[in-house]
Every structure is written in structure tokens, then in C-alpha cells.
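Working notes, structure below.
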Amino acid sequence: MPHTAPNPLVLFSFPSSAELTDALANFIVKAQKEAVEKKGRFTVALSGGSLPKQLAALINHPGVKWDKWHVFYADERAVPLDHEDSNHGLAVRELFSKIPASQPQPTIHTLNPEYLDDLEELADQYEKELIQEFAMKDSARFPIFDLILLGIGPDGHTCSLFPGHELLSEEDRWVAYIEDSPKPPPKRITFTFPVLNHAARIAFVAADAAKADTLHTVLDEPEKGLPASRVRPAHPGQLYWFVADAAAEKVQFARTPFKL
Ligand SMILES: O=C1O[C@H](COP(=O)(O)O)[C@@H](O)[C@H](O)[C@H]1O
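For what it's worth, the numbering used here labels the leading residue of the sequence shown as 138, then goes sequentially.
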């Protein structure tokens, strides 16, 4: 596929966390509606860390059609699914366990805990899960997620793609493994940049004022090449940032007023 320049990113900044989470929920529901109208399902990938908490406004949102959701994890720690470090476990605690039992439930693709002792196989198995979801339905070289929701660490990492790590140059694999994550736990699997950069939409979410310096570097100095700056879905993909004003206080990049 010829290289196409990415669309400019769109930065939304909100004075309060309630405004951020409401806007984010409405944005997600709009993405879900468009995807379901087009192909009857909504493919979405979630991060761990602070992200799942930011999705609270989805719980009682009347527009959410949970049974249309096909959920993957953009990265996952190689631990049992009910372990406190598991990104799936976190998403269950913060989000999925709160969906009323009377509502249809989402389809959630977790890592296969049988392979926790073999990281390469763990990543291969998750890649196969993606291939079943995407390659067989969309005949794609890389999966095209309707939406990937990402967090950013204080060092500029996103997913489990850490500054200076060799995984930043992975070009072929959909899912890679890492044994030496600088942030515990050390063993993880992660989507690679080609997967991120083929998504139809990516939304970063950052609410923590402690990340102000990192956001400034990522958004105003992308030439420094921090992992989060390298997320640039190619046209027609679109990159959004949903941030709290406090987290963006050092950012020069122009804000866009939020509207759907
Ligand atoms: O280790 C991880 O960290 C990032 C960032 O986490 P945050 O708590 O600073 O938001 C997260 O996006 C990723 O999924 C997770 O595995």
C-alpha cells in the first residue's frame, strides 16, 4: 500500500473530568453507530492503566449496543486474567462488571491463559484471535479497528511500546511480546505500530496533571520520537486526543472545540 500522509491530529481539552468522560462516551457511541451501520459490529481495543476508569460514562449511556462490541486489549500483561495486574481484570472491574446483567453483553477477546509460560506462543495465539476477527472477515493485511483507545505513560510509552525498545521498529507482527518491560510486570504482549497505525480512529486519553511535561513533548515535539508520538494512523485514519486542561497546561498545539 502506498504511504499516505496522516491527517492532522485533533486535540480536545476539557476543564473537568466529568466533561472529558461524557464527551469521550458520546464520541465512542458515535464511532460504534457508524461501524454498526456499515458492517453490523464494532471492533474496539482498550488499554489498561488509567483508561478504563475514563469509560465510566458508557455504563448507563442509552446509545451503547454492548452486544455489537468486539473488544480486544491493545496490550496485556502476562498474568492470570483475575490477577490485579491484568488489563482485562481491570477493565472488568471498572467497566464490564457494571453492565447490567439484563443487557446483552460484549464479546471480549482475552489472552489465552494456557500460554502464560510461553510469551512467544501467547503473542501468536492473540495474533491468531485477531486474524480470525479481521483477516477472515475483512481480508486485511493488518486489522482495521473501528476504534483503539490508548493511554500514555509518564515516559511517553503507549500500549507496551516503551522508549528506545526494539519493538518500536516491528513492521510485520500484529502482536509482539516483551520480556523486559521497564514498568512492572516485565512480561507482556502488545499491539505493534502497524496495527495502531491502520486503525480507523485512535483516541488517546490523558487526565492526569502529572503528565503535563510528557504531553508537551509528545504533542509539540514529535520529532523526539516518543512512542506515543509515533501513533499516526495513515489517511483515512484519524487521531484524537481527549485530555484534561490540567494535563495539557504545557501543550502549545491548537485545541479544537469538542463537537460530534
Ligand atoms: O502499563 C501500561 O501503561 C499504560 C499507561 O498507563 P497509565 O496508568 O499511565 O494510564 C497503559 O496505557 C497500558 O495499557 C498499560 O499496560
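Cβ coordinates follow ideal geometry from the N, Cα and C atoms, glycine included.
Residues in the same chain with beta-carbon distance under 8 Å from residue i, minus the five sequence neighbours each way, listed in chain order, please.
| i | result |
| --- | --- |
| L287 | S184, L188, A211, T295, C296, L333, I339, A340, F341, V342, A365, V368 |
| L236 | Reading off the sequence shown, one finds Ile at residue 236, where the question assumed Leu. Counting only Cβ-Cβ distances below 8 Å, and skipping sequence neighbours, we find I196, W203, Q242, P243. |
| S318 | S297, F299, K324, R325 |
| E270 | T180, H207, F209, H246, P280 |
| H220 | R214, G226 |
Thinking residue i and residue j are a contact (beta carbons under 8 Å), I'd like their distance in whole angstroms, please.
| i | j | result |
| --- | --- | --- |
| F282 | A182 | 5 Å |
| I285 | T351 | 19 Å between Cβ atoms; not a contact. |
| P370 | A391 | Incorrect: roughly 19 Å between the Cβ atoms, too far for contact. |
| E213 | L267 | About 12 Å; that fails the 8 Å criterion. |
| F279 | P331 | 5 Å |
| L148 | V380 | 7 Å |
| F151 | A160 | 6 Å |
| A385 | D345 | Not a contact, Cβ separation roughly 11 Å. |
On the CB-based measure, 16 or more other CB atoms within 10 Å of its CB, does residue i come out buried or exposed?
| i | result |
| --- | --- |
| H225 | buried |
| T158 | buried |
| P243 | buried |
| K348 | buried |
| R325 | buried |
| G293 | buried |
| S223 | buried |
| T393 | exposed |
| E316 | exposed |
| A238 | exposed |
| G186 | buried |
| A155 | exposed |
| E358 | exposed |
| Q169 | buried |
Spatial neighbours of residue i within its chain, please: C-beta separation below 6 Å, excluding the five flanking residues on both sides.
| i | result |
| --- | --- |
| T329 | E307, R310, A313 |
| I245 | V208 |
| Q375 | N144, R338 |
| K205 | V173, R178, F179 |
| L262 | It should be pointed out that residue 262 corresponds to Gln in this sequence rather than to Leu. Correct list, in chain order: N249, Y252. |
| H353 | K387, V388 |
| F395 | F149, A160 |
| Y377 | V147, A340 |
By Cβ distance, which residues of its chain are closer than 7 Å to residue i, with the 5 residues on each side in sequence left out?
| i | result |
| --- | --- |
| P250 | P217, L218 |
| N163 | L397 |
| E257 | Y314 |
| K361 | T354 |
Using a threshold of 7 Å, is the CB atom of residue i nearer than that to any non-hydrogen atom of ligand 2?
| i | result |
| --- | --- |
| I315 | This structure lacks ligand 2; the ligands present are ligand 1. |
Where in the segment 285 to 333 do unbroken runs of the alpha helix (DSSP H), each at least 4 residues long, occur, reported from the N-terminal end onward? For the segment 285 to 333, whole alpha helix (DSSP H) runs of length 4 or above, ordered along the chain, are 330 to 333.
- Return the chain-ordered ranges of every alpha helix (DSSP H) run that is complete within the segment 218 to 259 and spans a minimum of 4 residues. 224 to 231
Q: Go through the segment 145 to 199 residue by residue and report every complete run of the alpha helix (DSSP H) that reaches 4 residues or more, in order.
A: 154 to 176
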